[in-house]
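In structure tokens, the structure reads:
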């Protein structure tokens, strides 16, 4: 599709009043030398629709044309270094996730340590309009205007068919060459790159964005898709339950590859939870595409604890399961981000890793202890003390937390006669992960200490 003239949003803010911006960072931004401000965006967005006579299928090779325009008013919040000298020049445009019925997303501690500017964009209608219950585990939720009418009462969204263009306009507002007269959401910072990032449902939207809008809009320099289900929202739009709805043949309503046109680098970082959804649409690595899968990891293992923020806003909080997957893979996410930025800058591409061994017929292949074979091997699997799974029985929301089943005592003692033996195995696994480019120097000590905590609990 050949893009029309650039559409831009009108910004207002920083927003004040009401109870303060909803769903803040679980980390203390000020402690990292960051300020967080919120802005409203007004504009006219377009939708995208398939060109008549063309197919929209799982190859991701979609041909679209502009649909009808519609007005919108949404919000975004910007976390940036208070000291401009700390800014590393990279803006992360984050597609806030609304699967739970409200916006979720916050800058990570790594991103604030390293001087990124982070922009959380309210892109989808659910955040503003609220969401009815989708079934057990998914209670009905209010939208932002009902959560805080004084602050958000004027927000309005024409529907998710317009989410792609809303994201484009927000990214342009914080990118290189943006209009900086009047309100500048970056407070005078000079960005050189914009990296798009989103997780789970948001990564399905970003996958669709790559198939639909990236080639014409060209405002994103690289993409980090986290926990991507192998699903891309079909144009002009699909409700979430259609995108994720099983078809009975191993495919889902939104099953689709990502159109790897070669324009910008794309790195997909997945847990084990998404593996079987991806099997039908797996695609090879290329000069601009990498696909990483972490064996044994659970879908929400890279997510910070948002409980205090949810309680503050009166949102539902789900009690943790006693046997939830305990593998924390945020350090792999940190390494993936740094690899992507280096790649976008023309440096060495990220390393290649094998995929998790899986097929639609046989499922995920597992070793004699139940752990998946193949994929990225983290210390929990290289020095195993439990079976880690990316899935679990229960409602869809419960399934996202995965499962950890500790080894019985006799198996554990046969592997490690004492804590020192375990720590030797753990530290060797950390060293291998470091050699493979999976551990940043800033995360190395924390990962070693994690092994000591596990050992203290085991022996």
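In the working numbering, the protein residues as written are 1208 to 1666.
Idealized CB from N, CA, C, for every residue including glycine.
Exposed unless 16 or more other CB atoms sit within 10 angstroms - verdict on residue i
i: residue 1384; result: exposed
i: residue 1213; result: exposed
i: residue 1567; result: exposed
i: residue 1446; result: exposed
i: residue 1209; result: Only weak support is given to the placement of residue 1209: the predicted model assigns it a pLDDT of 45, under 50, and the question is left unresolved by the model.
i: residue 1288; result: buried
i: residue 1261; result: exposed
i: residue 1454; result: exposed
i: residue 1656; result: exposed
i: residue 1664; result: exposed
i: residue 1356; result: exposed
i: residue 1559; result: exposed
i: residue 1376; result: buried
i: residue 1409; result: buried
i: residue 1226; result: exposed
i: residue 1415; result: buried
i: residue 1660; result: exposed
Nearest-angstrom beta carbon gap, residue j and residue i [assumed within contact, 8 angstroms]
i: residue 1419; j: residue 1255; result: 5 angstroms
i: residue 1332; j: residue 1367; result: 5 angstroms
i: residue 1718; j: residue 1294; result: An answer regarding residue 1718 cannot be provided, because it is not within the stretch 1208 to 1666 covered by the chain.
i: residue 1439; j: residue 1461; result: 6 angstroms
i: residue 1196; j: residue 1417; result: The structure shown has nothing for residue 1196, since the chain only spans 1208 to 1666.
i: residue 1629; j: residue 1576; result: So it is not a contact: roughly 15 angstroms between Cβ atoms.
i: residue 1483; j: residue 1571; result: 7 angstroms
i: residue 1545; j: residue 1647; result: 6 angstroms
i: residue 1672; j: residue 1534; result: In the structure as shown, the chain starts at 1208 and stops at 1666, and residue 1672 therefore has no counterpart that could be examined.
i: residue 1326; j: residue 1283; result: 6 angstroms
i: residue 1543; j: residue 1589; result: The pair is not a contact, with the Cβ atoms about 19 angstroms apart (cut-off 8 angstroms).
Beta carbon of residue i nearer than 8 angstroms to that of residue j
i: residue 1598; j: residue 1609; result: yes
i: residue 1561; j: residue 1550; result: no
i: residue 1432; j: residue 1405; result: yes
i: residue 1632; j: residue 1662; result: no
i: residue 1337; j: residue 1349; result: yes
i: residue 1372; j: residue 1236; result: no
i: residue 1503; j: residue 1578; result: yes
i: residue 1296; j: residue 1398; result: yes
i: residue 1451; j: residue 1475; result: no
i: residue 1358; j: residue 1222; result: yes
i: residue 1442; j: residue 1273; result: no
i: residue 1270; j: residue 1335; result: no
i: residue 1477; j: residue 1507; result: no
i: residue 1265; j: residue 1488; result: yes
i: residue 1386; j: residue 1215; result: yes
i: residue 1539; j: residue 1651; result: no
i: residue 1407; j: residue 1555; result: no
i: residue 1277; j: residue 1352; result: no
i: residue 1485; j: residue 1437; result: yes
i: residue 1493; j: residue 1456; result: no
Given residue i as reference, the closest of the options once Cα atoms are compared
i: residue 1315; options: 1338, 1285, 1643, 1308; result: 1285
i: residue 1616; options: 1591, 1600, 1596, 1632; result: 1591
i: residue 1224; options: 1216, 1244, 1440; result: 1244
i: residue 1324; options: 1381, 1334, 1370, 1312; result: 1381
i: residue 1642; options: 1666, 1586, 1664; result: 1586
i: residue 1529; options: 1611, 1476, 1649; result: 1611
i: residue 1240; options: 1270, 1296, 1322; result: 1322
i: residue 1402; options: 1647, 1638, 1471; result: 1471
i: residue 1345; options: 1356, 1378, 1308; result: 1308
i: residue 1531; options: 1266, 1357, 1480; result: 1480
i: residue 1219; options: 1392, 1226, 1270, 1347; result: 1392
i: residue 1547; options: 1596, 1496, 1536, 1569; result: 1496
i: residue 1369; options: 1275, 1334, 1356, 1484; result: 1275
i: residue 1413; options: 1304, 1490, 1539; result: 1304
i: residue 1249; options: 1487, 1259, 1374; result: 1374
i: residue 1389; options: 1246, 1351, 1491; result: 1246
i: residue 1411; options: 1292, 1267, 1340, 1554; result: 1267
i: residue 1653; options: 1555, 1227, 1541, 1565; result: 1541
i: residue 1234; options: 1430, 1318, 1589; result: 1318
i: residue 1649; options: 1583, 1573, 1537; result: 1537
i: residue 1624; options: 1666, 1639, 1583, 1589; result: 1666
i: residue 1394; options: 1423, 1421, 1291; result: 1291
Strand pairing of residue i, partner residues [DSSP]
i: residue 1535; result: Answer is none; residue 1535 lacks a bridge partner.
i: residue 1406; result: 1433
i: residue 1218; result: 1248
i: residue 1286; result: 1243, 1325
i: residue 1594; result: 1612
i: residue 1493; result: 1496
i: residue 1302; result: 1328
i: residue 1338; result: 1348
i: residue 1364; result: BP columns for residue 1364 are empty, so no partner.
i: residue 1256; result: 1272
Contact with chain D by residue i, beta-carbon distance below 8 angstroms
i: residue 1393; result: Protein chain content of the structure displayed is limited to a single chain, and chain D is not contained in it.
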